[in-house]
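In the UniProt record's numbering, the protein residues as written are 1 to 109.
Using N, Cα and C, we set each Cβ at its ideal position, and we do this for glycine too.
A short write-up of the structure that comes next.
Okay, here's the thing in structure tokens:
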């Protein structure tokens, strides 16, 4: 029997942001969008699947590069409008080859 999903709040395009964080280091790796189908596939596969806004298609992270993200826990925030995926990454998250997509500093305080 499949578990009942919470009532998540998707935006007008049917998308919800998903922050991806390394479960061991706690480093924020990336942010990507999910729709209901990619969320369901993520839950079924145990690896992140996103919706590519630029390509308008599902995107199984790492399917071509090998840099998959195995989910250990999938959380949602208090407003139910953002997801947090705690993962074991199999390689860099960023398409540039960087471990995290957040490698540039706008300003340090």
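Contact set for residue i: own chain, Cβ-Cβ below 7 Å, skip 5 residues either direction
i	result
residue 1	Caution applies to residue 1, whose pLDDT of 46 falls short of 50 and renders its modelled position unreliable; the value that the coordinates give is listed next. Cβ neighbours of residue 1 beyond the five flanking positions: none.
residue 88	23, 70, 72
Limits of the unbroken alpha helix (DSSP H) element including residue i
i	result
residue 86	Element bounds for residue 86: not the alpha helix (DSSP H) but the beta strand (DSSP E), 83-89.
residue 38	36-45
Sequence-distant residues of the same chain with beta carbon closer than 6 Å to residue i, five excluded per side
i	result
residue 30	20, 93, 101
residue 28	21, 102
residue 5	none
Whether residue i touches residue j by CB criterion (7 Å)
i	j	result
residue 61	residue 48	yes
residue 9	residue 80	yes
Sequence-distant residues of the same chain with beta carbon closer than 8 Å to residue i, five excluded per side
i	result
residue 59	32, 38, 49, 50, 51, 52
residue 46	70, 71
residue 74	42, 43, 83, 84, 85, 86
residue 90	62, 66, 67, 68, 69, 70
residue 36	10, 14
residue 7	80
Opening and closing residue of the beta strand (DSSP E) in which residue i lies
i	result
residue 52	49-52
residue 76	69-76
residue 21	16-22
residue 57	57-60
Residue environment, residue i, which counts as buried when at least 16 other CB atoms sit within 10 Å
i	result
residue 85	buried
residue 78	exposed
Can you confirm whether the region 50-57 touches the region 90-102 when touching is taken to mean that 3 or more C-beta pairs between the two stretches lie within less than 8 Å?
The region 90-102 is not in contact with the region 50-57.
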